[in-house]
Every structure is written in structure tokens, then in C-alpha cells.
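Worksheet: the structure to be examined is printed underneath.
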Ligand SMILES: [Zn+2]
């Protein structure tokens, strides 16, 4: 996990300011070559096309521009709201609302910065995808990325509103313009809530391999709320849910024989599992029975099925609780991002 140290922010002399200005000029000159153009969005199960591109840009030089967030404030996002209207925001205001919606504001600053970079990268890729005809991105977390308006987030935080709002301001501004790059191009920066010891290789969830979405160890554990959860379903409920989605399944026999032997990742996530003679992916079983993750076991006790589930989310990419655990252990946001996104670098998107 060790990486070369990189310094951000802090005091900078005139020489560094000049360097920063030169670097900014270089960035603007090369911008057309850097901004991703029509890279395919990772729609699971997608084609698995990998980004290709040029060498990564240097990491944010920091200094005044980073502290002020000028790169993100100079860039617009067209957001499709949950009410169906399209609103235009600055990238910095948009990312504030994404971080506030996607990660607990009580998390460590480096975890919030990692989340800001992941969300910025995810947005950069979607902005060139044409996924939504009249907007860059929507506010539905099951489609694109969650987003909450500042006033709503602050109302939810109550007495902590001032502190939390400022933490997220800093997380966005101190990572101004930064994203996660693989071979110079922004990645599909997938993230999720908590892992069962290891993240999951994208190939095991969606069937297509992505170079930077590999399985890595993830340090969160029992301190995560609802890390282990249980769902109990009766046979009739399992049967009706299954047959409505998979009419070809045969659930005529004794329920003890409905679920077959699962194939699993090393971390215990179900890759595939037969159900009534139909082979489903772990993700399909998860969504069919509304389980918190695909890392589960199922038992039949003669009266009902019990699903014992670990972690929350699809398990691919950055674990948010894992990011927070790494931050508590002293990792920087760059350590966190390059740990969860294999073979990537942190660099400027714009
Ligand atoms: Zn969407």
C-alpha cells in the first residue's frame, strides 16, 4: 500500500506559483487531449472496453488554485433532478451534494477527499457518455450518483451542519480538479458502502474484466453499522419472487432442494448459484431478495429461508467504510484511491 509521498497545499513560494501557472497553461493547452471523449460508460454488464489514452497528467500542484477550487468552479454540470427537471450547477457545488449524499459527513477528511475524487471521476466519464439526452448525470443513485441539495443536507445534520458542511467544502476544494486515471484516462470509479473483507473483481459481478477493478483487501469490519445482516423469507415468498422474475425455475419440490451449491469468490461473495434449476449470479439473487450484498449464505430450517449477509453494496471498486478505516490508519486520499483502483494514478481531470 506504500506509495511515494505527495504534498498538497501548504505554503508555496513565488517559484512554485510560477511553476503552477506554467503547469496550468500546459494543462489548458493539452486539455482537448486529456478530457475523455466518448469513453464507454461502464453499464454492467457492459462490453468491458477499457479506456485508452495518453500519459497521466501530473498530480495537482496544489497552492492557491486548489484551495480556492477554481478548476471545479469553472466547470458546469447539467443535473437531472429526482423531480425530472434539469438544473445547471458548478462542478464544485454538484460534488458537494454528491459527497454529502454518498458518504457520512462524520467520516475522516481523507476519506471524504477520496469520495470527492471518485465522484468527480465518475461524473467526468458520464459527461461524455450521452446516457441522459438533456443532462450529464442524474440524481438517482441506482442510475448515476446520489445528490442532495445543501439546504436539505444541512437540515438533516442539525447542530452538526456547520462543521459537516465545511468538511465537505474542504474535501472538494482540496482535491480541485483531481480524479483517478488509468493509463491517462478517467476510470469508471465505482464505489460502494462496505466490503466483506475483500472487494470483488468486476468480472465476477458483471462478467467483463476491467484492469483497475480487481479484488483487494478491505480493512473495515464489525464497526460498520449492520455489517452483518439477516433476511428471513418463507418458502411461498421465495417461490413467488423467483417465478415472477424467472418463470423457467422449477420450485415444485421440497424447498430444501431449491438452492444449489454456490460458487464463491475468495472473499465469500456469491458468483453464481442455482435456484430451481436456473443459474443466477450472486447479484441477481441479491436483487431478487433485496439482500444488502451478494456475500451471503442461505439456509432452510424446514419452515423458512435465512440469508446471512455481510457488507453492503455490489463490492466493486472503492469501499467507503474501507476508505474511512484506511484514513483512520493514516492513509491519504491518494493512498486510498490507488489501493482500491488497481494500477491507477491520481491526476488532474481539468
Ligand atoms: Zn442517471
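Residue numbers (this note's numbering): -18 to 331.
All C-beta atoms in this analysis are idealised placements derived from N, C-alpha and C, irrespective of residue type, glycine included.
The structure displayed is predicted, hence computed values, not measured ones.
Whole-angstrom distance between residue j and residue i, CA atom to CA atom
| i | j | result |
| --- | --- | --- |
| residue 53 | residue 329 | 11 angstroms |
| residue 80 | residue 285 | 39 angstroms |
| residue 174 | residue 262 | 20 angstroms |
| residue 239 | residue 96 | 40 angstroms |
| residue 296 | residue 194 | 10 angstroms |
| residue 306 | residue 89 | 9 angstroms |
| residue 252 | residue 320 | 23 angstroms |
| residue 155 | residue 94 | 8 angstroms |
| residue 223 | residue 327 | 43 angstroms |
| residue 181 | residue 169 | 15 angstroms |
| residue -16 | residue 316 | Here residue -16 scores only 36 on pLDDT, less than 50, and its place in the model should not be relied on; the value that follows carries that caveat. Looking at the two C-alpha atoms, the distance is approximately 7 angstroms. |
| residue 75 | residue 216 | 45 angstroms |
| residue 248 | residue 274 | 12 angstroms |
| residue 310 | residue 148 | 19 angstroms |
| residue 144 | residue 102 | 26 angstroms |
| residue 314 | residue 133 | 27 angstroms |
| residue 152 | residue 138 | 17 angstroms |
Beta-carbon gap between residue i and residue j smaller than 8 angstroms
| i | j | result |
| --- | --- | --- |
| residue 302 | residue 201 | yes |
| residue 98 | residue 269 | no |
| residue 108 | residue 117 | yes |
| residue 246 | residue 185 | yes |
| residue 57 | residue 71 | yes |
| residue 61 | residue 127 | no |
| residue 92 | residue 304 | yes |
| residue 65 | residue 129 | no |
| residue 197 | residue 179 | yes |
Terminal residues of the alpha helix (DSSP H) in which residue i lies
| i | result |
| --- | --- |
| residue 101 | 90 to 107 |
| residue 129 | Neither: residue 129 is in no alpha helix (DSSP H) and is coded neither H nor E. |
| residue 286 | Unbroken run through residue 286 is the beta strand (DSSP E), 285 to 291; no alpha helix (DSSP H). |
| residue 247 | Unbroken run through residue 247: none, as it is neither H nor E. |
| residue 318 | 314 to 321 |
| residue 307 | 301 to 309 |
Span of the beta strand (DSSP E), counted from its first residue to its last, around residue i
| i | result |
| --- | --- |
| residue 159 | 159 to 163 |
| residue 281 | 277 to 281 |
| residue 69 | 67 to 71 |
| residue 212 | 209 to 215 |
| residue 57 | 57 to 61 |
| residue 329 | 326 to 329 |
Same chain, Cβ closer than 7 angstroms to residue i, neighbours up to 5 away in sequence not counted
| i | result |
| --- | --- |
| residue 105 | 17, 160, 167, 330 |
| residue 231 | 257, 258 |
| residue 158 | 41, 52, 53, 329, 330, 331 |
| residue 135 | 142, 146 |
| residue 281 | 236, 237 |
Cβ shell of residue i (< 6 angstroms), same chain only, five flanking positions each side left out
| i | result |
| --- | --- |
| residue 266 | 254 |
| residue 291 | 177, 209, 276 |
| residue 299 | 99, 172, 321 |
| residue 191 | 183 |
| residue 28 | For residue 28, the predicted structure reports a pLDDT of 28, less than 50, and the residue's modelled location is therefore unreliable. A value from the coordinates is still provided. Hits under 6 angstroms: none found. |
| residue 59 | 67, 69, 116, 117 |
Chain-order list of residues whose beta-carbon lies under 8 angstroms from that of residue i (same chain, five-residue window excluded)
| i | result |
| --- | --- |
| residue 288 | 211, 212, 213, 214, 270, 272, 277, 278, 279 |
| residue 203 | 209 |
| residue 324 | 163, 192, 193 |
Residues that residue i bridges to, as DSSP identifies them
| i | result |
| --- | --- |
| residue 262 | 253 |
| residue 199 | Paired residue(s): none; residue 199 is not in a bridge. |
| residue 167 | 162 |
| residue 113 | 116 |
Below-8 angstroms beta-carbon distance, residue i vs any chain C residue
| i | result |
| --- | --- |
| residue 188 | Of the protein chains in the structure, only one exists, and it is not chain C. |
Near ligand 2: residue i beta-carbon under 7 angstroms from a heavy atom
| i | result |
| --- | --- |
| residue 98 | Among the ligands modelled here, namely ligand 1, ligand 2 does not occur. |
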